[in-house]
Each structure stands twice: as C-alpha cells, then as structure tokens.
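The structure under discussion appears below in the form of structure tokens.
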Amino acid sequence: MTSGKIPSKRDAFSAVLGLDGNRVIIFGGFGISSKDALYVLNLTNFEWKVPFVIGEIPASRYWHKANVISDYMVVTFGTGYENSNDSDVLFLDIKNNDMYEWSHIFDPVPSKSRVQSITPSTSNINNSSNKLVIIYSVIGSLIGGICLLVGIFILRKWNKNNKVNNIPDGKEEGVIAGQDVKPTN
C-alpha cells in the first residue's frame, strides 16, 4: 500500500529509477499539467511525494522517453508541448534527493556511486566465464554434430542391408490367384 501525495491516474508517462536505486521518478502523461507532472515514489517505504524542484518548469508531455544519464533524468521528444517554447530534450538534475533542478545545460560528469559499483575483478570473472561458456558450447556442438553424422551413417547402412535381405527370390510362400503356392525343394 502506498501513502503520501499519490499521483493522479495517467497514461503515456515515463518512469526511471533514481540514482540511489531507492526511488522511482515519473514525469508527464496525457492530460497532465506541468505542476502535476513530476512525482517520486520512495521504494523503501512506498511513499509518494512531489519533489522540491528549482529551475524553469517545462510543459508536461506524453508519449516521450526518459533515461538516466550520469546525474540527469533526460526526457526526450514526445508530444503535448510547443516546440517553440520548450526543447525536445529536457534535463532534470536528480543527484540531490532533496531538490531536483530543471536545467538547459547537460554536464555528464560520471556519478561517483555508479563508478564505484563497477570493479575490475567482477568484469574479469565475467569475461573468463563467458569464454568457458563459448568453448564448451563449441565443443558440445562438434560432438553433437559427429554423433548425428555417425547415427545417419549407421541408419543408412541398416536400411540398405534391410532392402537387400527382402528381395523376393521366388522361394517364398504366397498366394497366386487364390491358390496357395508352396516352394519346391
């Protein structure tokens, strides 16, 4: 169950995960005003809030895309706004959870928390395990292919021998025009 200032029902909005991994930020939506466009859901206590925002608030939009790049929620294109008044690309600085800032300047300085979360040892382990998976896949495919070829060869040989053994030689019992025919020896 969520609490706080719950956003109104909306369609065609965007949502991104905040930098700390504990917040979902939603923006825009069809028929949503600029002042009601931005909400944050805290994932630790499921509380909604309207964040404190500085900077020139852009017009709300819908059918747009949003991604987190560095310290910014980058909102791109969409519809429902005037191209002459607002840019096709919006930048919301989200590095400070207590205050967000709409900006016209994009300074893609890598986030410290993201840089520290990537360690060389993890990538080395992944690279070596990926190589092993590829090697074992190739070896398994080769063995499977050889087994398939051997199986086809044996099956063809068996079918060929079966056809030779079933050639009629006139010594078999049978029926000719309703009469029993017995082989003569």
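The opening position of the sequence shown corresponds to residue -19 in this note's numbering, with each subsequent residue numbered one higher. Just so you know, even glycine gets a beta-carbon here, dropped at the ideal spot from N, CA and C.
Your pair Tyr52 and Phe10 does not check out as a contact, with CB atoms roughly 24 Å apart and the cut at 8 Å. Per DSSP, the beta bridge partners of Gly(-16) are Trp28. Residue pairing by DSSP puts Glu81 in a beta bridge opposite Ile34, Asp73.
The three-state reading of DSSP puts Asn47 in strand, counting E and B together. Where Asn22 is concerned, the enclosing beta strand (DSSP E) starts and stops at 18 to 22.
The straight-line gap separating the alpha-carbon atoms of Ser50 and Gly131 is approximately 57 Å. For Phe7, the three-state secondary structure derived from DSSP is strand. In this structure, DSSP gives Leu(-1) a state outside helix and strand, which the three-state scheme calls coil.
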